[in-house]
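Numbering (the numbering used here), first residue to last: 4 to 166.
Reviewing the structure listed below.
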Amino acid sequence: MLASRIVIYGNAGSGKTTMARVVAREFSLPHLSLDDICWASTGVRLPLPESIETLQAFIAENPQWVIDGCYGDLVEAALPYCSELRFLNPGIEACVRNCRSRPWEPSYCSSPEEHARLLEPVIEFVRQYETRQDEYSLAKHRAIFAEFTGPKREYREWEHPAT
Numbered sequence: 004m005l006a007s008r009i010v011i012y013g014n015a016g017s018g019k020t021t022m023a024r025v026v027a028r029e030f031s032l033p034h035l036s037l038d039d040i041c042w043a044s045t046g047v048r049l050p051l052p053e054s055i056e057t058l059q060a061f062i063a064e065n066p067q068w069v070i071d072g073c074y075g076d077l078v079e080a081a082l083p084y085c086s087e088l089r090f091l092n093p094g095i096e097a098c099v100r101n102c103r104s105r106p107w108e109p110s111y112c113s114s115p116e117e118h119a120r121l122l123e124p125v126i127e128f129v130r131q132y133e134t135r136q137d138e139y140s141l142a143k144h145r146a147i148f149a150e151f152t153g154p155k156r157e158y159r160e161w162e163h164p165a166t
């Protein structure tokens, strides 16, 4: 069996974590959400070298894995080890719907109230995907997809099974 080292990336709300959880469960792979290694606290990003060090430690400890996130800089750091790239790009409105229907999870927010407070800023972030020029942008994600020479697929839609 070939080693599975799958990177799933796209806009916030595109279904990355849902797909990553399904793939991890289906193939019994360790799963790393880049959200878990990026934030010092709400809205305060860890220094990039610190996140890359944690990412590289995860990769070194696991011969097979699935990683998901929207962070272009960290996706690029994982690409040399990646055996398959999945770009989730269902469109802005699908991402907004997914964000609005996402239940509160303690791993993302400290309380349901914080989840509700952050929802509109997240929706605004999602809506800026096509116009932003940062690591979270459609332009950056397209560039990553174009540059990756291994097996890859862009998903405009996919069935979200129950997780």
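Even for Gly, the Cβ is constructed at its ideal location relative to N, Cα and C.
Of the candidates Ala81, Trp107, Arg130 and Glu108, the residue whose Cα lies closest to the Cα of Phe148 is Ala81. With contacts defined as CB atoms closer than 8 Å, Cys73 and Gly13 qualify as a contacting pair. Boundaries of the alpha helix (DSSP H) harbouring Ile55: Leu51 to Glu64, taken from the DSSP string.
Counting the other Cβ atoms within 10 Å of the Cβ of Arg159 gives fewer than 16, which makes it exposed.
Collapsing the DSSP output to three states places Gly75 in a helix.
One alpha carbon belongs to Ala146, the other to Cys112, and they sit about 31 Å apart.
Buried is the label assigned to Val10, since at least 16 other Cβ atoms lie within 10 Å of its Cβ. Following the DSSP letters along the chain, one finds Phe90 inside the beta strand (DSSP E) bounded by residues Glu87 to Leu91. Rounded to the nearest whole angstrom, the CA to CA distance from Val26 to Gln136 is 30 Å.
Of all C-beta pairs linking the stretch 23 to 38 to the stretch 59 to 71, three or more are shorter than 8 Å, placing the two stretches in contact. Bounds of any alpha helix (DSSP H) do not take in Glu157; it lies within the beta strand (DSSP E) bounded by Lys155 to Tyr158.
Distance from the CA atom of Ala119 to the CA atom of Ser54, rounded to whole angstroms, is 27 Å.
Between Gln59 and Arg8, the beta carbon gap of about 13 Å keeps them out of contact (Cβ cut-off 8 Å). DSSP places Ala43 in no alpha helix (DSSP H) but in the uninterrupted beta strand (DSSP E) bounded by Trp42 to Ser44. Per DSSP, the beta bridge partners of Gly13 are Leu91.
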